Amino acid sequence: MAAQSGIAANEKLLSALAKAKLGSIRLVYMQIEDEQIKLRKMIPVKDSWEDEFDRSILPLLDSKTASYILYRLDSKNNLGYEWILLTWIPNETHVWQKTLYASTRATIRRQFGDGYLADDLLCHDEEDISLAGYRKHLISKEAPVPLTHAEEEAKETAAGHVIHASMNDGYSSMGGVAFALTSSSQKSVEKFAAGKVNYLQFQIDIPQECIFVAVSKKDLKPEEIGALTPPNAGSYHLFRFTHEFDGTKCDPIVFVHTIPGYQSSIKERMLYSSCKGNLIDCLSRQYGIAIQSKLEIEDFREFTTPFLMDTFHSKEAAAPLFFSRPKGPAGRGPRRLIK
């Protein structure tokens, strides 16, 4: 299971959740404060769930502040009314808040009751959290998703292969697990491919089985990445190292898989190890992002400008590699930084 924060609902919220299950409440709005999940607002039922969706939810959203919303549908199961959990983590939210809300999400599910939840969505922009966005989500759940070439290979080999998670796993292995990028994350990747940003951090949403962009930065230095990286969970990083070498502008791209050691669960470490190959394939094939170096790193303190200069322009290299113009050879293969 994913790493959890240890934060839980306070007594006032627990009472509100119990009241909400009785049927007269349409929406419960919650936020984390003082290491507790607190009730911010409750909205009673007036009209149908579709009529109330946008007018109840959208005014609550803040473009820089995360929150949780439990929204009651009009359908029922054996426990009572069904609900959807909306985790609002906007792109502009600070990275520590993104990590906190993502890691506390499972606690909301557990304390409210998984059996009441018809859906659980992670939303990064208003398009995701609107009624139109939710309808698109429902359609996508029913429709079969076309498989990429890598996903077809993974499907064919999955029955006969066991994925062994190891710190020595290479990036050349085929198969693995293929989780899709969220729609908002696809837009972030397009910006990176266009050169509008130079850094993206990816995280896996394990309950939803998808990959999302947690952090996007325009002019980030390699020494600044460590402060943005969650210390107790895995992550992927895509960084464009723009610099000059021998009077020539270079902008090679490096893909980094952060390994948090034993601070995260075995399942999470296996999942991050298994998903990386297909993510790299997706970035390369669908978005045309040429990745020149792939690294596994435990400690970002060693991910510095001198280290990257040595990676791309080592004295042992027969010729300079990865210049913007003209393009150099394909690269030297994976370099690992494991302490």
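Taking this note's numbering, I'd label the letters of the sequence shown as residues 4 to 342. The beta-carbon is built from N, C-alpha and C at its ideal position, and this holds for glycine as well. In this text the structure is predicted, and so the values were computed from the model without any measurement.
Query	Result
Contacts around A183, its chain only, beta-carbon distance under 6 Å, and the 5 residues preceding and following it disregarded	C213
Identified DSSP bridge partners for A11	Q39
For N281, three-class secondary structure by DSSP	helix
Per-residue DSSP class, three states only, for I60	helix
Spatial distance of G116 from V200 (CA atoms)	40 Å
Helix, strand or coil at P234 [DSSP, three-state]	coil
Proximal residues to K49 (C-beta, below 8 Å), its chain only, five neighbours per side dropped	R29 and E55
Environment of K101 [buried if 16+ CB atoms lie within 10 Å]	buried
Whole-angstrom C-beta distance between M33 and S70, which should lie under 8 Å	7 Å
Proximity winner among I10, L25 and K41, relative to L17 (alpha-carbon distances)	K41
Stretch pair the stretch 122 to 130 + the stretch 81 to 92: three plus CB contacts closer than 8 Å	yes
Inter-residue CB distance, V98 and V218 (contact presumed, cutoff 8 Å)	5 Å
Backbone CA spacing between E129 and R138 [nearest angstrom]	13 Å
Beta carbon of A197 nearer than 8 Å to that of I256	no
Classification of E38 by the beta-carbon crowding that lies within 10 angstroms, buried from 16 upward	exposed
Classification of N81 by the beta-carbon crowding that lies within 10 angstroms, buried from 16 upward	exposed
Straight-line gap, I262 to S277 (C-alpha atoms, nearest Å)	13 Å
Alpha-carbon to alpha-carbon, G26 and K220	43 Å
Assumed close pair G83, K24 - CB separation to whole angstroms, cut-off 8 Å	6 Å
Alpha carbon of D313 to alpha carbon of D208, nearest angstrom	34 Å
Closest residue to A109 among H140, A181, A11 and Y290 (Cα-Cα distance)	A11
Proximity winner among C253, G250, D254 and M273, relative to H260 (alpha-carbon distances)	M273
Beta carbon of G237 nearer than 8 Å to that of F306	no
Nonlocal neighbours in the same chain, by C-beta distance under 8 Å from P93, ignoring five residues either side	L64, D65, S66, K67, T68, A69, H127 and D128
P225, buried or exposed, once every other Cβ within 10 Å from all chains shown has been counted against 16	buried
Secondary structure of A293, DSSP reduced to three states	coil
Proximity below 8 Å, CB of E14 to CB of L134	no
Cβ shell of K190 (< 6 Å), same chain only, five flanking positions each side left out	none
Alpha-carbon spacing of Q211 relative to G280, whole angstroms	19 Å
Among L298, L311 and H240, nearest to C253 - alpha-carbon criterion	L311
Buried versus exposed call for E271 [16 or more other C-beta atoms within 10 Å across all chains shown]	buried
Close-in-space but distant-in-sequence residues of the same chain around H246 (CB under 6 Å, 5 per side omitted)	C253
Residue nearest to R288 in terms of C-alpha spacing, selected from E193, Y239, T96 and G250	E193
Endpoints, the alpha helix (DSSP H) within which P311 is located	Checking the sequence, you will find Leu at residue 311 rather than Pro. Residues T308 to F315.
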